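Student: Those protein sequences? They're chains W and F, same order as listed.
All residue numbers for the first sequence refer to my numbering, where the first residue is 7 and numbers rise by one.
All residue numbers for the second sequence refer to my numbering, where the first residue is 8 and numbers rise by one.
For each residue, glycine too, the CB sits at the ideal point set by N, CA and C.
Keep in mind the model is a prediction, meaning the values are calculated, not measured.
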Amino acid sequence: GAGVSQSPSNKVTEKGKDVELRCDPISGHTALYWYRQSLGQGLEFLIYFQGNSAPDKSGLPSDRFSAERTGGSVSTLTIQRTQQEDSAVYLCASSLRFQGAFFGQGTRLTVV
Amino acid sequence: GENVEQHPSTLSVQEGDSAVIKCTYSDSASNYFPWYKQELGKRPQLIIDIRSNVGEKKDQRIAVTLNKTAKHFSLHITETQPEDSAVYFCAANSGGGADGLTFGKGTHLIIQP
Numbered sequence: 007g008a009g010v011s012q013s014p015s016n017k018v019t020e021k022g023k024d025v026e027l028r029c030d031p032i033s034g035h036t037a038l039y040w041y042r043q044s045l046g047q048g049l050e051f052l053i054y055f056q057g058n059s060a061p062d063k064s065g066l067p068s069d070r071f072s073a074e075r076t077g078g079s080v081s082t083l084t085i086q087r088t089q090q091e092d093s094a095v096y097l098c099a100s101s102l103r104f105q106g107a108f109f110g111q112g113t114r115l116t117v118v
Numbered sequence: 008g009e010n011v012e013q014h015p016s017t018l019s020v021q022e023g024d025s026a027v028i029k030c031t032y033s034d035s036a037s038n039y040f041p042w043y044k045q046e047l048g049k050r051p052q053l054i055i056d057i058r059s060n061v062g063e064k065k066d067q068r069i070a071v072t073l074n075k076t077a078k079h080f081s082l083h084i085t086e087t088q089p090e091d092s093a094v095y096f097c098a099a100n101s102g103g104g105a106d107g108l109t110f111g112k113g114t115h116l117i118i119q120p
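1. Mark W/P67 as exposed unless 16 or more other C-beta atoms lie within 10 angstroms of its C-beta, in which case mark it buried.
2. I'd like the ranges of any beta strand (DSSP E) spanning at least 3 consecutive residues and lying wholly in the region 58-103 of chain W.
3. Taking only beta carbons into account, state which residues of the region 47-72 of chain F come closer than 7 Å to chain W, listed in chain order.
4. What does F/P41 touch in chain W if you count any residue whose Cβ is under 7 Å from its own?
5. Looking only at C-alpha atoms, which of W/L45, W/G65, W/S59 sits nearest to W/T113?
6. With a cut-off of 8 Å, does the C-beta of W/L49 fall near any C-beta of chain F?
7. Is any beta-carbon of chain F found at less than 8 Å from that of W/G112?
8. For W/F104, count neighbouring C-beta atoms within 10 Å of its own C-beta (all shown protein chains included) and say buried if the count is 16 or more, exposed if not.
9. Where W/T116 and W/K17 are concerned, what is the direct C-alpha to C-alpha distance, given to the nearest angstrom?
10. Using a threshold of 7 Å, is the CB atom of W/G110 nearer than that to any non-hydrogen atom of the ligand ZN?
11. Can you tell me the Cα-Cα spacing of W/S15 and F/V11, whole angstroms?
12. Is it a yes or a no for the region 39-58 of chain W touching the region 79-98 of chain W, going by three-plus beta-carbon pairs under 8 Å?
13. Please return the same chain residues whose Cβ sits closer than 6 Å to the Cβ of F/A70, not counting the five positions on each side in sequence.
14. Determine, for F/G104, whether the minimum Cβ-Cβ distance to residues of chain W falls below 8 Å.
15. Who are F/E63's beta bridge partners in DSSP?
16. Have a look at W/F51 and W/C29 and give me their C-alpha separation to the nearest angstrom.
17. Could you tell me which residues DSSP puts in a beta bridge with F/N100?
18. Do W/S100 and W/H35 have their C-beta atoms closer together than 8 Å?
19. Could you say which of F/E9, F/A98, F/K44 lies nearest to F/S35 if we only look at CA atoms?
20. Return the chain-ordered list of same chain residues with a C-beta closer than 6 Å to the C-beta of W/S13, the five sequence neighbours on each side being excluded.
21. Closest Cβ-Cβ distance between F/P15 and chain W: below 8 Å?
22. Examine chain W for any beta-carbon lying closer than 8 Å to the beta-carbon of F/G23, and answer yes or no.
23. Can you list the residues of chain F that W/D24 reaches, using a CB-CB cut of under 9 Å?
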């Protein structure tokens with residue numbers, strides 16, 4: 007596709023369940039980011055993938071969060087044993103190295 | 008790692024006036040500085056960027072300046088219009104191998120009619 011695609015757009019899950027969020031970056035983009043944004047707040051960095059380098063996981067808030075990027079393209083962010091404080095919009099972005107990042111439309115996660 | 012500070016957190020200006028948002032960064036190896044605009048309920052959109060080999064860049068009513076010595080960069084919007092109301096984020100890449108973008112906390116720009 008022409009832009010970064012995320013799925014699902016909305017996800018409601020029960021506390022304690024696991025969720026998987028998917029990101030399809032722009033074709034050819036070597037860099038991929040995950041951010042979290044709570045209502046009215048800024049962009050909280052979660053994880054950054056660049057080519058075949060080891061990912062920068064320094065923003066993951068706990069060991070319940072993990073992310074993979076298979077084949078240098080699609081990425082999945084997994085949240086285990088979800089908590090209510092995990093409720094937020096999860097944004098994925100991709101870029102060429104040393105270029106501006108383009109964001110997906112986000113996944114709105116609600117933990118009830 | 009990189010640290011980006013952004014000020015002010017909220018800025019209210021009269022329609023037609025200019026608005027300036029300022030950011031500082033910590034990593035002297037940073038060489039790429041994009042700005043994003045996020046309208047309510049929408050994704051952040053890249054509006055302008057600047058690299059460390061230039062001091063200023065303009066695109067119609069928006070301009071960005073960079074002072075490498077002081078490690079700060081600014082976004083200037085002239086002749087503000089109601090559609091400029093949004094949250095603006097600055098960002099800087101990290102130097103060296105860990106070259107991901109670090110974002111400022113955002114500025115909520117309000118254009119008063």
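Tutor: Quick answer:
1. Start at 1 with the first residue of the first sequence, and residue 67 of chain W comes out as number 61. Sixteen is the threshold: since fewer than 16 other Cβ atoms of the shown chains lie within 10 Å of the Cβ of W/P67, the residue is exposed.
2. 71-75, 81-85, 94-101
3. R50, P51, L53, D56
4. The residue labelled residue 41 of chain F in the question sits at position 34 within the second sequence. Simply G106.
5. Working through the first sequence from its first residue, we reach residue 113 of chain W at position 107. Among W/L45, W/G65, W/S59, the Cα nearest to that of W/T113 belongs to W/L45.
6. On the first sequence, position 43 is the one that residue 49 of chain W refers to. By this cut-off, W/L49 is an interface position.
7. As a working mapping, residue 112 of chain W is identified with position 106 in the first sequence. W/G112 counts as touching chain F.
8. One-based indexing of the first sequence puts residue 104 of chain W at position 98. Looking at its Cβ environment, which holds fewer than 16 other Cβ atoms inside 10 Å, W/F104 is exposed.
9. For the purposes of this step, residue 116 of chain W is identified with residue 110 of the first sequence, where counting begins at 1. For the purposes of this step, residue 17 of chain W is identified with residue 11 of the first sequence, where counting begins at 1. Approximately 6 Å between the Cα atoms of the pair.
10. You won't find the ligand ZN in this model; it holds no ligand whatsoever.
11. Counted from its first residue, the first sequence places residue 15 of chain W at position 9. Counted from its first residue, the second sequence places residue 11 of chain F at position 4. Cα-Cα distance, rounded: 30 Å.
12. yes
13. Here residue 70 of chain F refers to the residue found at position 63 when the second sequence is read from its first residue. Here the set comprises H83.
14. By 1-based counting over the second sequence, the position of residue 104 of chain F is 97. Residue confidence is low: F/G104 scores 48 on pLDDT, short of 50, so the model does not pin down where it sits. Its coordinate-derived value is still stated next. So yes, F/G104 belongs to the interface.
15. Residue numbering aside, residue 63 of chain F sits at position 56 when the second sequence is read from its first letter. By DSSP's assignment, F/E63 forms a beta bridge with F/T72.
16. Sequence index remark: in the first sequence, residue 51 of chain W carries index 45 (1-based). Sequence index remark: in the first sequence, residue 29 of chain W carries index 23 (1-based). Their backbone Cα atoms lie some 15 Å apart in a straight line.
17. Along the second sequence, read from residue 1 onward, the residue named residue 100 of chain F stands at position 93. Per DSSP, F/L108.
18. As a position in the first sequence, residue 100 of chain W is number 94, starting the count at 1. As a position in the first sequence, residue 35 of chain W is number 29, starting the count at 1. Going by C-beta atoms, W/S100 is nearer than 8 Å to W/H35.
19. As a first step, residue 35 of chain F is located in the second sequence; it is residue number 28 there, counting from the start. The option with the nearest alpha carbon to F/S35 is F/E9.
20. Against the first sequence, residue 13 of chain W aligns to sequence position 7. Taken in chain order, the residues that qualify are R28.
21. If you number the second sequence from 1, residue 15 of chain F lands on position 8. No, no contact with chain W.
22. Counting from one through the second sequence, the residue named residue 23 of chain F turns up at place 16. It does not: the Cβ of F/G23 has no partner Cβ on chain W nearer than 8 Å.
23. Your numbering for residue 24 of chain W matches position 18 in the first sequence. Simply none; closest approach about 25 Å.
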